[in-house]
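Residue numbers (the numbering used here), protein chains in the order written: chain A, 1 to 487; chain X, 1 to 487.
In this text, a Cβ means the ideal position worked out from N, Cα and C, and glycines have one as well.
The block underneath contains the structure these notes are about, expressed in structure tokens.
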């Protein structure tokens with residue numbers, strides 16, 4: 001007999017439909033009426049806020065400060081950095097008017113702007129312009145900035161969290177006196193992302209460098225963490241760029257060095273967006289919906305009062321008593337909405353709340369409680385004392401289980417191959433994953449990958465050092481690369 | 001002999017130039033190259049972040065949750081609410097294209113949109129559209145949302161923080177089952193603003209209702225806090241609106257009531273923006289620059305090491321020792337930048353750091369420190385132990401002094417008048433302020449005020465109840481109103 005699940009669609013049936021169902025089932029977000037945009041609903045936004053707090057604390061610990069730069073970028077500024085314009089100037093929202101006028105009952109754009117403005121797709125140029133004003137001497141460096149904001153890239157095919165016209169992110173921008181310092185910064189922030197993605201969010205990710213042809217537009221080096229999703233595809237989870245002096249030259253970040261001479265700064269930029277929520281979903285969720293790590297779960301425990309009118313006061317009091325007994329670090333919510341307890345319970349299963357308590361007269365009388373564990377959907381009876389005493393270690397176990405589960409899945413989906421034929425076989429199968437193979441680093445024969453809709457995700461930091469033939473060119477090389485289909 | 005100050009311009013010489021100088025001297029913000037936009041620099045943004053944290057905690061305590069809604073609003077949505085379109089549809093940034101194309105080396109807009117998109121000037125309509133989907137039954141109400149975001153209103157004359165094309169704010173939006181609940185919410189959030197502005201920021205503000213003709217476009221009632229600036233002008237510091245069913249009808253927020261029948265929700269909205277930083281400046285700053293309350297000061301203490309090469313290690317160690325001795329609640333920064341200690345000291349005076357310590361060999365040897373108090377610029381000698389012991393109460397005193405100082409100023413600038421002649425005399429003088437006078441509530445003779453560039457700021461919550469003649473119409477009335485020039 002088939003097991004019934006809280007979602008209609010399972011991962012194995014239709015991964016993409018399952019993904020949408022996790023999002024709607026957990027009430028994370030919905031498509032907006034505005035083309036390509038999404039509404040991040042309170043439960044989804046609460047997860048983003050927790051992520052923000054963790055990252056923001058870390059950025060500040062490392063000496064960065066937040067600031068805010070304009071949403072609008074005059075389009076001629078894009079003409080300054082040739083590589084950048086090629087990568088970004090294509091699909092952006094362009095503001096051309098500053099007024100609406102009513103004509104025949106319709107509102108029409110009026111007040112044409114002399115220079116059209118792009119809604120920022122990223123802020124290297126506009127922040128660089130400010131840095132150019134601020135960095136007068138080597139004494140003013142490094143400048144270590146971060147900005148939490150919205151950005152817009154006009155995407156043709158959108159998918160919630162993964163690819164939307166507008167999204168939220170943080171973008172770090174730094175300027176340094178020397179290349180060494182800037183390179184260290186880019187790598188340091190790459191390490192921060194690795195820590196956040198793999199240790200905090202317990203996703204399975206491979207850190208490495210992007211191949212030359214797939215770097216950020218205008219960058220010298222792009223570092224990435226490529227996370228494996230439960231369909232075996234890769235998600236580029238966060239990137240950090242060493243930009244060399246490219247942007248410094250484009251916008252004039254010139255300072256007086258220790259030798260008294262004017263020189264260009266070396267800059268970096270690094271970003272992580274709400275896309276990571278999509279990655280989180282596709283890493284840890286299951287056929288019953290979302291699963292959340294305790295670090296980012298809006299609630300660790302939800303208490304559902306089993307209210308019948310005559311004893312509702314007594315039950316509500318008991319629920320509040322339980323909540324008050326819990327350690328301060330444990331986030332507990334008592335849901336008093338007037339919906340059926342059974343429906344609520346399944347809502348919280350789909351929302352990935354680690355532990356769900358249904359509290360009624362029976363629980364008050366016995367002094368025991370029955371905990372539904374989200375991960376296994378098992379119900380466990382224990383005394384209230386035991387629960388309060390054990391909740392913190394139960395949350396640690398919950399996190400460990402999620403990590404193990406994901407790690408076990410992903411490790412089985414890493415394939416080492418020696419030839420293109422082997423690589424092809426894997427991507428033609430229904431168990432795709434990350435393929436580790438030799439690559440000579442040239443763009444020769446990349447179209448063989450295009451045909452499979454596969455790309456080189458990164459040159460992983462961890463290299464075997466062995467010599468073998470490139471699967472694309474047959475040239476001997478020591479370089480290992482990660483090949484995968486991707487989001 | 002004239003006293004020298006840290007700023008070139010004094011308040012009495014040129015208030016507007018002084019205001020700009022406080023901002024640049026404290027490194028809060030600067031004009032962006034993009035017309036009408038500003039860059040909020042790290043020190044200014046750190047103040048905003050502290051404000052955000054205080055307000056956000058309060059909003060959440062009262063049951064609100066944050067969410068995020070699209071930046072873009074299809075312009076036809078503005079056609080739905082007649083009052084709203086009249087108030088807002090005029091000066092907005094309009095996106096008409098979604099691509100740039102290179103032609104003759106220039107980037108030009110391409111890919112025309114079928115429906116132009118407005119960059120949100122406020123989000124009643126777009127959030128209302130979501131609420132319409134979410135509120136199916138009375139069980140789903142109230143919906144208590146807040147959003148921290150950027151908004152754009154195309155202003156012709158801009159001034160940093162006070163009026164810029166793009167600014168940052170929070171906008172609360174709630175939907176309720178009944179008029180009573182919604183009215184209570186609007187008043188509750190008005191009270192929160194009053195608390196934040198008058199108790200946390202210790203600004204002098206008068207709470208009240210906006211006159212009919214000056215309400216938020218589409219609102220039934222608008223509540224405001226009108227704060228008095230040091231030039232006697234009023235700043236509308238934050239507003240809260242009861243919107244009735246106007247927006248609910250425009251976007252269809254219809255739910256099944258307890259009687260089983262469909263009905264429209266009652267909604268509210270309330271917002272506070274980065275404008276408040278301008279208000280803060282004009283309330284507490286002086287001719288030496290910014291002054292900050294301890295609740296929002298990025299640093300309470302700055303330590304400036306008086307470094308000469310041979311003993312720099314010893315001095316740095318001692319600075320860190322002082323920092324480590326301070327209570328956790330005290331924010332202390334050690335400035336190690338390679339600039340002259342004297343210049344740094346005056347920078348921190350202009351930045352409004354409550355206490356500045358210059359630490360050199362002398363201080364190490366004596367065990368005493370010399371504290372520069374920002375408020376009086378007096379230097380005070382005390383033992384390190386005394387300082388560490390006393391710092392928390394010194395901060396409380398600092399806050400109290402700031403409040404007193406501002407309150408004394410403002411109270412003297414409140415004038416009670418009985419006739420228009422008296423009112424006119426005050427606004428023709430060089431000591432303008434808030435004028436309290438009777439107003440009959442009609443729009444008759446308002447042009448008399450226009451001629452003086454004066455407006456009715458609010459009907460204050462505190463009413464005397466006495467009967468007298470309206471200064472504009474001569475009609476008898478009990479209503480007191482506040483008249484002022486304003487930002």
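Proximity winner among the options, relative to residue i (alpha-carbon distances)
{"i": "residue 488 of chain A", "options": "A/13, A/169 and A/143", "result": "Residue 488 of chain A lies beyond the stretch modelled for chain A, which goes from 1 to 487, so this question has no answer here."}
{"i": "residue 298 of chain A", "options": "A/304, A/197, A/186 and A/47", "result": "A/47"}
{"i": "residue 387 of chain A", "options": "A/372, A/462, A/376 and A/399", "result": "A/372"}
{"i": "residue 316 of chain A", "options": "A/255, A/344, A/360 and A/264", "result": "A/360"}
{"i": "residue 151 of chain A", "options": "A/341, A/24 and A/71", "result": "A/71"}
{"i": "residue 408 of chain X", "options": "X/474, X/212, X/367 and X/232", "result": "X/232"}
{"i": "residue 464 of chain X", "options": "X/479, X/215, X/450 and X/404", "result": "X/479"}
{"i": "residue 161 of chain X", "options": "X/6, X/251, X/193 and X/39", "result": "X/39"}
{"i": "residue 131 of chain X", "options": "X/293, X/267 and X/473", "result": "X/267"}
{"i": "residue 12 of chain X", "options": "X/248, X/391, X/453 and X/432", "result": "X/432"}
{"i": "residue 123 of chain A", "options": "A/173, A/76, A/308 and A/241", "result": "A/173"}
{"i": "residue 113 of chain X", "options": "A/213, A/94, A/121 and A/340", "result": "A/94"}
{"i": "residue 67 of chain X", "options": "A/97, A/167 and A/291", "result": "A/167"}
{"i": "residue 368 of chain X", "options": "X/379, X/375 and X/374", "result": "X/379"}
{"i": "residue 220 of chain A", "options": "A/206, A/187, A/120 and A/200", "result": "A/187"}
Proximal residues to residue i (C-beta, below 6 Å), its chain only, five neighbours per side dropped
{"i": "residue 416 of chain X", "result": "436"}
{"i": "residue 468 of chain A", "result": "438"}
{"i": "residue 234 of chain A", "result": "226, 457, 484 and 486"}
{"i": "residue 278 of chain A", "result": "161 and 162"}
{"i": "residue 264 of chain X", "result": "245, 248, 249 and 254"}
Boundaries of the alpha helix (DSSP H) in which residue i is found, first to last residue
{"i": "residue 162 of chain A", "result": "Unbroken run through residue 162 of chain A: none, as it is neither H nor E."}
{"i": "residue 21 of chain X", "result": "15-25"}
{"i": "residue 42 of chain A", "result": "42-61"}
{"i": "residue 36 of chain X", "result": "Note, residue 36 of chain X: premise wrong, no alpha helix (DSSP H); not H, not E."}
{"i": "residue 131 of chain X", "result": "124-134"}
Cβ shell of residue i (< 8 Å), same chain only, five flanking positions each side left out
{"i": "residue 1 of chain X", "result": "Here the model assigns residue 1 of chain X a pLDDT of 47, short of 50, so the residue's position is not dependable, and the following value carries that caveat. If we look at residue 1 of chain X and ignore the five residues flanking it on each side, it has no Cβ neighbours."}
{"i": "residue 134 of chain X", "result": "140 and 143"}
{"i": "residue 377 of chain A", "result": "288 and 349"}
{"i": "residue 107 of chain A", "result": "100 and 101"}
First through last residue of the beta strand (DSSP E) which encompasses residue i
{"i": "residue 148 of chain A", "result": "143-152"}
{"i": "residue 235 of chain A", "result": "234-242"}
{"i": "residue 101 of chain A", "result": "94-103"}
{"i": "residue 112 of chain X", "result": "106-119"}
{"i": "residue 74 of chain A", "result": "72-74"}
Same chain, Cβ closer than 7 Å to residue i, five either side skipped, listed in chain order
{"i": "residue 10 of chain X", "result": "18 and 287"}
{"i": "residue 395 of chain X", "result": "294, 300 and 354"}
Chain C contact residues for residue i, given Cβ-Cβ distances below 7 Å
{"i": "residue 139 of chain A", "result": "The displayed structure is made up of protein chains A and X, and chain C is not among them."}
Open item on the list: Closer than 7 Å between beta carbons: that is the criterion. Which residues of the region 41-52 of chain X meet it against chain A?
Closed with: When CB distances to chain A are screened at a threshold of 7 Å, the residues of the region 41-52 of chain X falling below it are 41, 42, 45, 46 and 49, in chain order.
Task: Whole beta strand (DSSP E) elements within the region 325-386 of chain X, 3-residue minimum - done: Listed in chain order, the beta strand (DSSP E) elements of length 3 or more contained wholly in the region 325-386 of chain X are 332-334, 355-359, 368-373 and 379-383.
Task: Start-end ranges of the beta strand (DSSP E) lying completely within the region 395-483 of chain A, minimum 3 residues - done: Counting only unbroken stretches of 3 or more residues, the beta strand (DSSP E) elements lying wholly within the region 395-483 of chain A are 414-416, 434-438 and 455-460, in sequence order.
Open item on the list: Closer than 7 Å between beta carbons: that is the criterion. Which residues of the region 164-197 of chain A meet it against chain X?
Closed with: If the cut-off is 7 Å between Cβ atoms, the region 164-197 of chain A has 166 and 168 near chain X.
Open item on the list: Just to confirm the assignment: which complete beta strand (DSSP E) runs, minimum length 3, are found wholly within the region 156-224 of chain X?
Closed with: Runs of the beta strand (DSSP E) inside the region 156-224 of chain X: 166-176 and 205-209.
Task: Unbroken stretches of the beta strand (DSSP E), 3 residues or longer, contained in the region 252-327 of chain A - done: Fully enclosed beta strand (DSSP E) runs of 3 or longer: 254-256, 262-264, 266-273 and 301-305.
Task: Contact set between the region 15-44 of chain X and chain A, restricted to residues whose Cβ is under 7 Å from the partner - done: Within the region 15-44 of chain X, those residues whose Cβ lies closer than 7 Å to any Cβ of chain A are, in chain order, 32, 33, 34, 37, 39, 40, 41 and 42.
Task: Chain-ordered residues of the region 53-68 of chain A with a beta carbon less than 8 Å from chain X - done: Those residues of the region 53-68 of chain A that come within reach of chain X (Cβ to Cβ, closer than 8 Å) are 65, 66, 67 and 68.
- [ ] Determine which residues of the region 249-269 of chain A have a Cβ less than 9 Å from any Cβ of chain X, and write them out in chain order.
- [x] Contact residues of the region 249-269 of chain A toward chain X are absent (C-beta to C-beta distance below 9 Å).
- [ ] Using a Cβ-Cβ cut-off of less than 8 Å, give me the residues of the region 85-104 of chain A that come near chain X, in sequence order.
- [x] Only 85, 89, 90, 91, 92, 93, 94, 95, 96, 97, 98, 99, 100 and 102 from the region 85-104 of chain A bring a Cβ to less than 8 Å from some Cβ of chain X.
TODO: With 8 Å as the limit, tell me which residues of the region 142-153 of chain A have their beta carbon closer than that to any beta carbon of chain X; keep them in chain order.
DONE: Residues of the region 142-153 of chain A with a C-beta atom less than 8 Å from some C-beta of chain X are 145, 149, 150 and 152, listed in chain order.
TODO: Using a Cβ-Cβ cut-off of less than 9 Å, list which residues of the region 317-338 of chain X approach chain A; keep chain order.
DONE: The residues in question are 337 and 338.
- [ ] Could you run through the region 297-309 of chain X and flag, in chain order, every residue whose CB is less than 8 Å away from some CB of chain A?
- [x] Shown here is that no member of the region 297-309 of chain X has a Cβ falling below 8 Å from a Cβ of chain A.
Task: Residues in the region 114-127 of chain A having any Cβ partner in chain X nearer than 8 Å - done: Considering only beta carbons, the part of the region 114-127 of chain A lying closer than 8 Å to chain X consists of 116, 117, 118, 119 and 126, in chain order.
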